[in-house]
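Numbering (my numbering), first residue to last: -12 to 231. Note that the Cβ used here is the ideal one computed from N, Cα and C, for glycine as well. Nothing here was measured: the structure is a model prediction, and the numbers come from that model. First up is the structure itself, then whatever we jot down about it.
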Amino acid sequence: MLRLDDLLRDQPKFIETGPGELEYEGLSPEILRFIETRVSADSTTLETGSGASTVLFAMKQTRHIAITPDAQEVERVGAYCRDHGVDPNKVRFIVDYSEHALPQLALPMLDLVVIDGRHGFPAPYIDWYYTAPKLKIGGLLVVDDTWIYACQILRDFLAEAPEWELVYDCPPRAAVFKKLGEGSHSQEWIYQPYVNKRGLIRFENGICKPAPPGPAILAQKAVAHLKRGEFLTLAKKALRALNR
């Protein structure tokens, strides 16, 4: 029976990096070992991208969804599983870009999500946006390749969000979060600490400068409304804020 140590030693080359060129680009050993101890045949899991992690999910026999645009990559992963006595039949491969596939999928509730598909802006955020509401409370989210700026921003955003807890940081490769609450993907900016505390951008004499943080901006606007006698406008905005 294939073990994780065997998989790490083999470093199977699934990813095509050029014509006839294959590379091993799996999750770090630390993250793979973390995942191995957190999932079982009772788990429902999803990843954007595929590779060694897909083999691990097949080994653990989770109800797994792997989204990748490369059909040949899917064939290579399946062949490796079969050649090493691993049944890949519980893996549902979706051959498409995740930003196209996820908005159309009726996803089950998920125990663990790996974001490791396309890393160009805004793909990691789209992957998170569509999987976050389907991740169970207490479920785990793996953000891979945090050495890439787009992924690092997602990691930093989640680290400051009260709905998420950073449970395992593996810089510069990846970070793992536990979901503590709902709604972080649909909040307005003033309720998102990462965005709010950085304020807005303003221009003075053609120079771009940070504006005051969100609450200060709102207070300034409230004073302006009061000075103009726009009490109704101010009341409506206050009610909207209370109802969020």
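request  = With a 10 Å radius around its C-beta and 16 neighbouring C-beta atoms as the bar for buried, classify TRP134 as buried or exposed.
outcome  = exposed
key: Which listed residue (PHE108, SER85, PRO109 and GLY107) has its alpha carbon closest to that of VAL100   = SER85
Inter-residue spacing [alpha-carbon to alpha-carbon] between LYS184 and ASP143 = CA-CA distance, LYS184 to ASP143, rounds to 13 Å.
inquiry  = Quick check on HIS51: buried or exposed, where buried means 16 or more other Cβ atoms within 10 Å of its Cβ?
reply    = buried
ask   = Could you give the distance in angstroms between the alpha-carbon of GLN(-2) and the alpha-carbon of PRO16?
value = Whole-angstrom Cα-Cα distance: 11 Å.
ask   = What are the boundary residues of the alpha helix (DSSP H) that ILE54 is part of?
value = Not the alpha helix (DSSP H): ILE54 falls in the beta strand (DSSP E), residues 50 to 55.
ask   = If you count every other CB in all the chains shown that lies within 10 Å of the CB of PHE108, and 16 or more means buried, which is it?
value = exposed
key: Buried/exposed call for GLU191, threshold 16 Cβ in 10 Å   = The residue in question, GLU191, is exposed, as its Cβ has fewer than 16 Cβ neighbours within 10 Å.
contact_flag[the segment 57 to 74, the segment 120 to 133] where n(CB pairs < 8 Å) is 3 or more = no
ask   = Going along the chain, which residues of its own chain have a beta-carbon closer than 6 Å to the beta-carbon of GLU147, five neighbours each way excluded?
value = Hits under 6 Å: PRO180 and TYR181.
message = Is the separation between the beta-carbon of VAL238 and that of ALA53 shorter than 8 Å?
response = Any answer about residue 238 is impossible in this case: the structure gives the chain only from -12 up to 231.
Beta-carbon contacts of ASP83 that lie in its chain and below 7 Å, excluding the five residues immediately before and after = Closer than 7 Å at Cβ, skipping near neighbours: ILE54 and PRO56.
request  = Can you have a look at SER37 and say buried or exposed, based on whether 16 or more other CB atoms are within 10 angstroms of its CB?
outcome  = For SER37, the number of other beta carbons within 10 angstroms of its own is at least 16, and it is reported as buried.
query = Is the closest heavy atom of the ligand SAM to the C-beta of TYR155 under 7 Å?
reply = This structure lacks the ligand SAM, and indeed carries no ligand of any kind.
request  = Going by DSSP, name the residue or residues bridged to TYR155.
outcome  = Listed as beta-bridge partners of TYR155 by DSSP are VAL163.
message = Quick check on the burial criterion: 16 or more other C-beta atoms within 10 angstroms. Buried or exposed for MET46?
response = buried
query = Cβ atoms of LEU167 and ILE102: under 8 Å apart, would you say?
reply = no
Whole-number beta carbon distance between GLY126 and ASP98, since they are thought to touch under 8 Å = Right, the Cβ-Cβ distance comes to about 5 Å (below 8 Å), so this counts as a contact.
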